[in-house]
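In the working numbering, the protein residues as written are 1484 to 1642.
(1) Going by beta-carbon coordinates alone, are residue 1535 and residue 1522 separated by less than 9 Å?
(2) So the candidates are 1575, 1529 and 1566; which of them puts its Cα closest to the Cα of residue 1556?
(3) Nearest by alpha-carbon distance to residue 1621: which of 1533, 1506 and 1601 is it?
(4) Can you look up residue 1607 in the DSSP assignment and give me helix, strand or coil?
(5) Between the Cα of residue 1505 and those of 1561, 1574 and 1515, spot the shortest distance and give me the residue it belongs to.
(6) Can you say whether residue 1526 is buried or exposed, counting buried as having 16 or more other CB atoms within 10 angstroms of its CB?
(7) What first and last residue would you give for the alpha helix (DSSP H) that runs through residue 1516?
(8) Given a cut-off of 9 Å on the beta-carbon distance, is the pair residue 1586 and residue 1568 in contact?
(9) Taking all protein chains shown into account, do 16 or more other C-beta atoms lie within 10 angstroms of the C-beta of residue 1611, making it buried, or fewer, making it exposed?
(10) If you drop the 5 nearest sequence neighbours on each side, which residues of the same chain put their C-beta closer than 8 Å to that of residue 1625?
(11) Classify residue 1558 as buried or exposed, calling it buried when 16 or more other Cβ atoms lie within 10 Å of its own Cβ.
(12) If we count the other Cβ atoms within 10 Å of its Cβ and call it buried at 16 or more, is residue 1495 buried or exposed?
(13) Which class does residue 1484 belong to by DSSP, given the choice of helix, strand or coil?
(14) To the nearest whole angstrom, what separates the beta carbons of residue 1598 and residue 1616, a pair I think is in contact under 8 Å?
(15) For residue 1566, does the three-state DSSP call read helix, strand or coil?
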């Protein structure tokens, strides 16, 4: 790639983690403003940052996109943890939290195999060639998030 070596990748990974830490720290403030609609802007910002990295492969854009991705991912991941505790009976909170963590962890497992398979199927030599497909998937997920967030929310338990 034209962006640098492993040390630069590590730096941008650190930027993501620090931005995620900050977003998670201020989750309560963000949630008060956006409520259950919080996931929509997060997914939109994730998509925008990925599209920016595809269209403008520049170190400055990568730095900004890494920070945006960190904020977005930290916020939406915290939201789903928080939401899991609200939509289940109190005695199932631990199970719900465990399921969220498991689903998140398992979601990473097939990614290298899926990417390799798609690259072979479409005769693509560089990962960047899959971005149009990835952008399509992002748009579909974003549309799904809008539809799901537009539904009436179930009653939550009060403490």
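By construction, the Cβ of each residue, glycine as well, lies at the ideal position given by its N, Cα and C atoms.
None of these values were measured; they are calculated from a predicted model.
Based on what the coordinates show:
(1) no
(2) 1529
(3) 1533
(4) coil
(5) 1561
(6) buried
(7) 1510 to 1517
(8) no
(9) exposed
(10) 1523, 1526, 1527 and 1530
(11) buried
(12) buried
(13) Low confidence applies here, because residue 1484 scores a pLDDT of 48, under 50, leaving its location unreliable; read the following figure in that light. Here residue 1484 sits in coil by DSSP.
(14) That pair is no contact at about 10 Å.
(15) helix
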